Each structure stands twice: as structure tokens, then as C-alpha cells.
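> Positions 10 to 286 (our numbering) are the ones given, in order, by the sequence shown.
Each residue gets a CB set at the ideal place from its N, CA and C atoms; glycine is no exception.
Predicted, not measured: the structure shown is a model, and the values here were computed from it.
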Amino acid sequence: MPELPEVETTRRGIEPHCLGRRIIHAVVHDPRLRWPVRSDLPEWLHDRHIIRVDRRSKYLLIEFENNERLLIHLGMSGSLRLVDPGTPRRKHDHIEIAFDSGRVLRYHDPRRFGALLTDHVNNPHERLANLGPEPLGPEFTPEYLHQKIKNRKTAIKPLLMNAEIVVGVGNIYANEALFLAGIHPAMPANECSPALAERLVAVIKDVLTRAIEQGGTTLRDFVREDGQPGYFKQTLNVYDRADQPCRICSTPIQKNIQAQRATYFCPVCQNNADLPA
Ligand SMILES: [Zn+2]
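The following block contains the structure:
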């Protein structure tokens, strides 16, 4: 599933091809995504001029000169590709948007859990309401995180994945950040000291930044202009490594299920023995 780094990598990949461009043509081959694509999308997009390519949480926001926006969510299996006109359509290429540059942006989504929605900057879509701060933004500080979790008795890991606390920390990165911070995923959140919150915020920003720099970990289909895949598999410490040796201490990585999601951790490196008080 594309996580925040893959979405940000996609944003950076498409931005140079979209910015300043005018849409000359759009086609919806299949509107049956997570929510139906608006039936007048081709007319709605026609002749619009793109002034910004942004991201909020895992939504790509393509903004036009009247401040209306096209929201794109990649769901479980969505991806965007830039192709030349006449490139044969692949199965599951559901939507195409042609620019005045001659390039075509194609939305591909085999499982169709993604979405294309529209809104206005001054009246954001309800899917963007009640979201916590961006993990890489200035609002996500140790003081903020500590304030949000200090009275919660629930386990720390599901709280990090709660979009009302902070957006974009998906399962892979929650597992990796807790390993890097030396925190057991089941630690009650109210045991997190201000000093530990500082460590946690730092590792979350670090793991996401490195993933973005490396092009995300799960992106398979975004193709850069030169045709090379826009991702490189990041070295993960714990995620999807059950029973394999910890890269620090060689203890087998353990797996369990927390809040319906797979949790991976090292029982030695994450035993909470040397956490700052
Ligand atoms: Zn270890």
C-alpha cells in the first residue's frame, strides 16, 4: 500500500510535468473507485490551468487557478504514470488526463480502493477534515506529541497511526520508528516522558525523510520520465522480518497483531530498559 513517502515521491515525480500546464482532455474509463468518480470529471477538468501540486496526508492535491482542486488518493494499489499519447492502455488504467505539453497522466488501480475527488481550497473535502499535523511539518513537535498522548492508556503504536494525532505514519513506519526509538510497541502511551516524545518525533521525521529520499518502500509503478522506476527498496529493520535476526542484537524479530495490524519488534532492543525518564 502506498504510504506517505510513496505519495510524496509521486508528488515530486509528477509536479514538474503538471505545474503550469493546461488540461486539454480527460477520459474516465472506469469510475468505480472507492467512491464513484464524478460523472462530469472530463468537463470539470477541461481547459483548467494547474497552479500547484500539493499533498495533505496521503492525498495529492492538484490545484487550479480558481483554487478548486482535484484530490487523488492512491488507495491500496493506485499509481500514477506519465506517458506519451498513444501509449497502449494497460489493464486497470482507469483515468487519463492529457496536458498541453503532450504528456498524459494515467491513474492505474487494480484493486480500485483509490479515489479522485474535488473540492475548493476554502471549503476542503470532508476527507481532509479532522486530520492531525503533517509528520514532517513544523507543528509536529515533541511538546505537541507529548500533550496528545500523555493521558492515553492505550498502546503507543496504534496512537502513532491515528491520523487525528499525526497523519501519514502508516504501519511500516510506525514499526520502524518504534524500533529506532527503542520503544516496545505495546508500551502504554501515558508512560511516554517528554524526553521520550522528543526521541520519538525525531525518529519518525528521520525514517520518513529517508524513505522519501529513497523514493518510498512500496512503490512499484511510478515511472519517471526516463522510464526508470521511481523507488528503491529501503532497508527495513523490523517490518516484515518475523523470525529473522535483529540487525543490532541478532535476536529473532517477533510478530504479533495490535489493533488488527501486524506489529514487528525486537524483544531485546525494544524492552524499554534504557528509556529517558
Ligand atoms: Zn535487537
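Leaving aside the five residues before and after Glu24 along the sequence, list all residues of the same chain whose C-beta is less than 7 angstroms from its C-beta, in chain order.
Translated into positions along the sequence shown, residue 24 becomes position 15. Closer than 7 angstroms at Cβ, skipping near neighbours: Val62.
> What span of residues does the beta strand (DSSP E) with Asn265 cover, start to end?
Translated into positions along the sequence shown, residue 265 becomes position 256. Taken as a continuous stretch (DSSP letters only), the beta strand (DSSP E) holding Asn265 covers 263-267.
> Can the beta-carbon of Leu50 be found closer than 8 angstroms to that of His134?
The residue you call residue 50 lines up with position 41 of the sequence shown. The residue you call residue 134 lines up with position 125 of the sequence shown. No. Outside cutoff.
> DSSP state of Arg78, grouped into three classes?
Locating residue 78 in the sequence shown gives position 69, where the first residue counts as 1. DSSP places Arg78 in strand when its eight states are reduced to three.
> Have a look at Ile104, Glu152, Lys214 and flag the residue whose alpha-carbon is nearest the alpha-carbon of Val46.
Numbered from 1 along the sequence shown, position 37 holds the residue referred to as residue 46. Selected option, being the one with the closest Cα: Ile104.
> To the nearest angstrom, how far is it from the Cα of Ala138 to the Cα of Glu173?
For the purposes of this step, residue 138 is taken as residue 129 along the sequence shown, with counting starting at 1. For the purposes of this step, residue 173 is taken as residue 164 along the sequence shown, with counting starting at 1. Approximately 9 angstroms, taken between the alpha carbons.
> Compare the beta carbon distance of Arg161 and Leu169 with 8 angstroms and say whether it is the shorter of the two.
Numbered from its first residue, the sequence shown carries residue 161 at position 152. Numbered from its first residue, the sequence shown carries residue 169 at position 160. No, the Cβ-Cβ distance between Arg161 and Leu169 is not below 8 angstroms.
> When a residue counts only if its C-beta is closer than 6 angstroms to some heavy atom of ligand 1, which residues count, in chain order?
With the cut-off at 6 angstroms, the residues found are Cys255, Ile257, Cys258, Thr260, Cys275, Val277, Cys278.
> Considering only residues of the same chain and omitting the five flanking positions on each side of Glu148, which have a CB-CB separation below 7 angstroms?
Reading the sequence shown from its first residue, position 139 is the one you call residue 148. Result list for Glu148: Pro142, in chain order.
> What's the gap between the Cα of Pro261 and the Cα of Leu42?
Reading the sequence shown from its first residue, position 252 is the one you call residue 261. Reading the sequence shown from its first residue, position 33 is the one you call residue 42. Answer to the nearest angstrom: the Cα atoms are 40 angstroms apart.
> Quickly, what does DSSP pair Glu105 with across the bridge? List them, please.
Within the sequence shown, numbered from 1, the residue matching residue 105 stands at position 96. Partner(s): Val36, Arg115.
> If we count the other Cβ atoms within 10 Å of its Cβ and call it buried at 16 or more, is His55 buried or exposed?
For the purposes of this step, residue 55 is taken as the residue at position 46 of the sequence shown. By the neighbour-count rule (16 or more Cβ atoms within 10 Å), His55 is not buried but exposed.
> Quick check: Gly123 and Gly179, are their CB atoms within less than 8 angstroms of each other?
Within the sequence shown, the letter at position 114 stands for residue 123. Within the sequence shown, the letter at position 170 stands for residue 179. Cβ distance not < 8 angstroms, so Gly123 and Gly179 don't count as in contact.
> To the nearest whole angstrom, what separates the beta carbons of Arg112 and His38, a pair I think is in contact under 8 angstroms?
Residue 112 sits at position 103 when you count from the first residue of the sequence shown. Residue 38 sits at position 29 when you count from the first residue of the sequence shown. Incorrect: roughly 18 angstroms between the Cβ atoms, too far for contact.
> Measure the C-alpha to C-alpha separation of Asn280 and Leu187 and round it to an integer number of angstroms.
Here residue 280 refers to the residue found at position 271 when the sequence shown is read from its first residue. Here residue 187 refers to the residue found at position 178 when the sequence shown is read from its first residue. The alpha-carbon atoms of Asn280 and Leu187 are separated by roughly 11 angstroms.
> Report all residues from its chain with a CB closer than 8 angstroms to the CB of Gly236; omit the five preceding and five following residues, and keep chain order.
In the sequence shown, residue 236 corresponds to position 227, counting from 1. Low per-residue confidence applies at Gly236: pLDDT is 41, beneath 50, and the placement is therefore not dependable, though the value from the model is reported in the following sentence. Answer for Gly236: no residue qualifies.
> Of the residues Cys278, Tyr68, Asp249, Phe274, which one's Cα is nearest the Cα of Cys258?
In the sequence shown, the residue the question calls residue 258 occupies position 249. It is Cys278 whose Cα lies nearest to the Cα of Cys258.
> Measure the beta-carbon distance from Leu205 to Leu284 and round it to whole angstroms, keeping in mind my assumption that it falls under 8 angstroms.
As a working note, residue 205 is residue 196 in the sequence shown. As a working note, residue 284 is residue 275 in the sequence shown. About 5 angstroms separates the two Cβ atoms, so the contact holds.
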